[in-house]
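Undergrad:
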Amino acid sequence: DEQAVQRIIARNPQLQGRAFLVPRPSRPKVLVMGGTVEAPDGYRASARNVVSLQMSPDFSGTPFVPNDTSVSYEASPGTHRPPLEDVLVGGGLVG
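Offset between the sequence shown (1-based) and the numbering used here: plus 316.
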């Protein structure tokens, strides 16, 4: 809010005259950002194994197990890694 902006400027005068983005009072105060958990390093991501990631100031994680099942990953070409099969990803948040 505007009071927070004024406190920040009081402690950081070099920010005077700069634009601040503040939440609109009419909007929900909850911020949840979305992301994607892809494959581990050396493995290929696909439509069958990427998982939604949710992040907020209060919690982060993957609240759901995708399609209520485990996922599998194939090695990237040239890595000579064994496949990762039946990996459980998701199903919880940490706060």
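All C-beta atoms in this analysis are idealised placements derived from N, C-alpha and C, irrespective of residue type, glycine included.
In the structure shown, what three-state DSSP assignment does R360 receive?
TA: Residue state, collapsed to three classes: strand.
Undergrad: According to the neighbour-count rule (16 or more other Cβ atoms, all chains shown, within 10 Å of its Cβ), is N383 buried or exposed?
TA: Exposed, by the Cβ-count rule.
Undergrad: To the nearest angstrom, how far is it from the Cα of R327 to the Cα of V321?
TA: Going by the C-alpha atoms only, they are around 10 Å apart.
Undergrad: Run the CB neighbour count on A363, radius 10 Å, all protein chains shown included, and call it buried at 16 or more, exposed below.
TA: Exposed, since its Cβ has fewer than 16 Cβ neighbours within 10 Å.
Undergrad: Counting along the chain, where does the alpha helix (DSSP H) carrying V321 start and finish?
TA: First-last of the alpha helix (DSSP H) with V321: 318-327.
Undergrad: Return the bridge partner residues of E390 from the DSSP annotation.
TA: R360.
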